[in-house]
Amino acid sequence: MILNASGCLDPLAAPDVARSLDAVVTKTVTPLPREGNAPVRIAETEVGMLNSIGLANPGIDRFLADVLPQLLDLGPPVWVSVGGFSAEDYAASCARLDATGAAVLELNLSCPNVAAPEDGATAIVAAARAATGKPLYAKLSPALPDVAAVATAAAEAGADGLSLVNTIRGLALDPATLRPRLATAAGGLSGPALRPIALAAVHACYRATRLPIVGMGGIETGRHALELIAAGASAVALGTVLFADPAAPSRVRSELAAEAARRELGDPAAARGAAHDMRQAAVATIGNGARQESGRVRLKL
Amino acid sequence: MSPARLSVVGVEPVGPYALVRLRRGRVEPGIPGQFFMLRPAGLLLPRPMSLCLAPPGELGFLVDPIGPGTRALAALEPGEEVDVLGPLGNGFRLDVARPLLVGGGIGLAPFPYLSERLGWPPALLGFRTAHHAEAAALVPNAEVVLEPTFVTERLEPGFDVLACGPEPMLEAVRRLTPNAQLAWEAPMACGFGACYGCAVEIDGRLARLCVEGPVLGGHAGCMAPDTAGGAVAA
Chain D
1 MILNASGCLD
11 PLAAPDVARS
21 LDAVVTKTVT
31 PLPREGNAPV
41 RIAETEVGML
51 NSIGLANPGI
61 DRFLADVLPQ
71 LLDLGPPVWV
81 SVGGFSAEDY
91 AASCARLDAT
101 GAAVLELNLS
111 CPNVAAPEDG
121 ATAIVAAARA
131 ATGKPLYAKL
141 SPALPDVAAV
151 ATAAAEAGAD
161 GLSLVNTIRG
171 LALDPATLRP
181 RLATAAGGLS
191 GPALRPIALA
201 AVHACYRATR
211 LPIVGMGGIE
221 TGRHALELIA
231 AGASAVALGT
241 VLFADPAAPS
251 RVRSELAAEA
261 ARRELGDPAA
271 ARGAAHDMRQ
281 AAVATIGNGA
291 RQESGRVRLK
301 L
Chain W
1001 MSPARLSVVG
1011 VEPVGPYALV
1021 RLRRGRVEPG
1031 IPGQFFMLRP
1041 AGLLLPRPMS
1051 LCLAPPGELG
1061 FLVDPIGPGT
1071 RALAALEPGE
1081 EVDVLGPLGN
1091 GFRLDVARPL
1101 LVGGGIGLAP
1111 FPYLSERLGW
1121 PPALLGFRTA
1131 HHAEAAALVP
1141 NAEVVLEPTF
1151 VTERLEPGFD
1161 VLACGPEPML
1171 EAVRRLTPNA
1181 QLAWEAPMAC
1191 GFGACYGCAV
1201 EIDGRLARLC
1211 VEGPVLGGHA
1221 GCMAPDTAGG
1231 AVAA
């Protein structure tokens, strides 16, 4: 299953891109409208892209009245990304979304470009859980000291799944002036630099929770998607790559199928958790007298 | 919405700039002032460029090689490929009675195509140096001024001004001719409304330049984007 990462697609501005996804994820909706941060808001670096959009959105009232009905008309299931600055904010928005056609509510607990919510992830998930029966995904930051511990707490508070990962804070300077290139100085780093960070977070959280996980962070190709699935993702989301290549969903989908077929996996979903099976596979294979080199089993990859 | 992969015919120096010529394929040239997202191999993000020339079978883009992206475009070799998405955004309105093209530096980029579509109206172009002014040869009927003279010193009333250039120039042009059509620029990651990176203040609110511009009417409430000047991004 291929989704977009929240904030990386306006489905109404590019409906054909939205329809090429298995589900569309909205930009984060907050209780009140937000213009977002002052420009300059984006910068490219050698290893990824910085953004400091700052959760620009029309607010929950206009979202429910004007935006969501149009999104639901597009066809794919709609995941609504919910943001706020307290547990009450999240609970109030989730309660209002409960009776809508939204398929999933993704709790954005990790925007690097606005002040962090005053309540912790556990309190927010618990408050949202009490407010809605919709599936709840907790979107976590890769900058957490122990993302698996927070994922476990979110699961215990009622999260049905995890979205891993959000961007990680970064800074780029103008080489001539040595001043920050973004108006807010730091922003969220996405793109290739995020790949190993996302893999580590998905790997740790799969091991800790076994919840469904939407893996994202720097996916450009089917192989990148397969690696996140192997680390434990049950779905993947495309972010920065959509800006450069709006046709990426169908391309990545076919590359993913080819990568899985090359490994004789059948469905790419069969690779889920493969990164965790090394020890078991090793034992089984060694037991069968398979070739072992330098203490590591050579798997067919 | 899918980028087309176009092959490079050649890259020609025009003063300090580079004219990147691509085989057009099935890509439409669009309306002058609209833009394309260009991404050579190896670049994470594409760069927004307005179309400069649309000869049969080709698309031409005038690039100022000032950053990693524009340098990669200027360094393209014949036969190499570029991903091209567009035309995007809103171009110039062509229903004008007495057009005058007013440009500064690389801001002349959309003018050769615009001039052709308007029947070669007069143009007023300002440059930093005589070397930069070599690019004026691309625009028929152009009067050229060099710094310290500014185009606004030669601007006469009675024209429908269509302008592109650095932000201070556009601001000055708008003060003199409030109804001018102005082509702005802002850093963009996508060009089709997805990234919200190109937000500028329009009518007192932040809006996406790629969706509402890049050519704006020049009415009183239209504020400048907070970026460095020029018609193209680095």
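Chains as they are written, first to last, in the numbering used here: chain D, 1 to 301; chain W, 1001 to 1234. Beta carbons are placed, not taken as given, at the ideal position from N, Cα and C, and that holds for glycine.
| query | result |
| --- | --- |
| Closer than 8 angstroms at the beta carbon, the chain D residues around Met1001(W) | Ala14, Asp16, Val17, Pro246, Ala247 |
| Beta carbon proximity, Phe1192(W) to chain D, threshold 9 angstroms | yes |
| Rounded straight-line distance, which links the Cα of Ala261(D) to that of Arg62(D) | 45 angstroms |
| 6 angstroms Cβ shell around Pro212(D) - same chain, five flanking residues per side excluded | Gly161, Ser234 |
| Nearest-angstrom beta carbon gap, Ala115(D) and Val308(D) [assumed within contact, 8 angstroms] | Here chain D covers residues 1 to 301 and nothing more, so residue 308(D) does not appear. |
| Residues within the region 1-12 of chain D neighbouring chain W, beta-carbon criterion of under 7 angstroms | Cys8, Leu9, Asp10 |
| Neighbour flag for Gly83(D) against chain W, beta carbons, 9 angstroms | no |
| Contact under 9 angstroms by Cβ, Phe1192(W) with Pro135(D) | no |
| Proximal residues to Ala185(D) (C-beta, below 7 angstroms), its chain only, five neighbours per side dropped | Leu171 |
| Cβ-based contacts, 8 angstroms cut-off: residues of the region 227-243 of chain D near chain W | Thr240, Leu242, Phe243 |
| Distance between Pro39(D) and Ala183(D) (C-alpha atoms, nearest Å) | 6 angstroms |
| Interface partners of Ala1041(W) on chain D, CB under 7 angstroms | Correct list: empty, because the minimum Cβ distance to chain D is about 11 angstroms. |
| Among Val25(D), Pro180(D), Ala237(D), the one whose alpha carbon lies nearest that of Leu105(D) | Val25(D) |
| First and last residue of the uninterrupted beta strand (DSSP E) at Tyr137(D) | 136-140 |
| Within-9 angstroms CB hit, Pro1187(W) to chain D | yes |
| C-beta atoms of Phe1127(W) and Pro1032(W) nearer than 9 angstroms | no |
| Any chain D beta carbon closer than 9 angstroms to Cys1198(W) | yes |
| Proximity test, Cβ basis, 9 angstroms: Met1049(W) and chain D | no |
| Limits of the unbroken alpha helix (DSSP H) element including Ile229(D) | 222-231 |
| Given 8 angstroms, three or more beta-carbon pairs between the region 1045-1053 of chain W and the region 1067-1080 of chain W | yes |
| Pairwise C-alpha distance: Gly59(D) and Tyr137(D) | 20 angstroms |
| Under the three-state DSSP convention, the category Arg1023(W) falls into | strand |
| Close beta carbons around Arg1024(W), own chain, < 6 angstroms, minus the five adjacent residues each side | Gly1057, Glu1058, Leu1059 |
| Chain-order list of residues whose beta-carbon lies under 7 angstroms from that of Asn37(D) (same chain, five-residue window excluded) | Ser52, Ile53, Gly54, Asn113, Ala183, Thr184 |
| Among Val1027(W), Gly1103(W), His1131(W), Leu1038(W), nearest to Pro1013(W) - alpha-carbon criterion | His1131(W) |
| Short CB-CB distance (under 9 angstroms) between Leu1216(W) and chain D | no |
| Uninterrupted beta strand (DSSP E) stretches inside the region 61-85 of chain D (no shorter than 3 residues) | 78-82 |
| Interface flag, Leu1073(W) vs chain D, CB-CB below 9 angstroms | no |
| Any chain D beta carbon closer than 9 angstroms to Pro1255(W) | Residue 1255(W) falls outside the range modelled here, since chain W spans only 1001 to 1234, and no answer is possible. |
| Enclosing alpha helix (DSSP H) for Ile124(D) [first to last residue] | 121-131 |
| Where Glu1167(W) falls, given that 16 or more other Cβ within 10 Å makes a residue buried | buried |
| Among Ala23(D), Ala92(D), Asp10(D), nearest to Gly1197(W) - alpha-carbon criterion | Asp10(D) |
| Bridge-paired residues (DSSP) for Leu1053(W) | Gly1060(W) |
| Span separating the alpha-carbon of Leu72(D) from that of Asp16(D) | 14 angstroms |
| Sequence ranges, alpha helix (DSSP H) only - wholly within the region 163-192 of chain D, length at least 4 | none |
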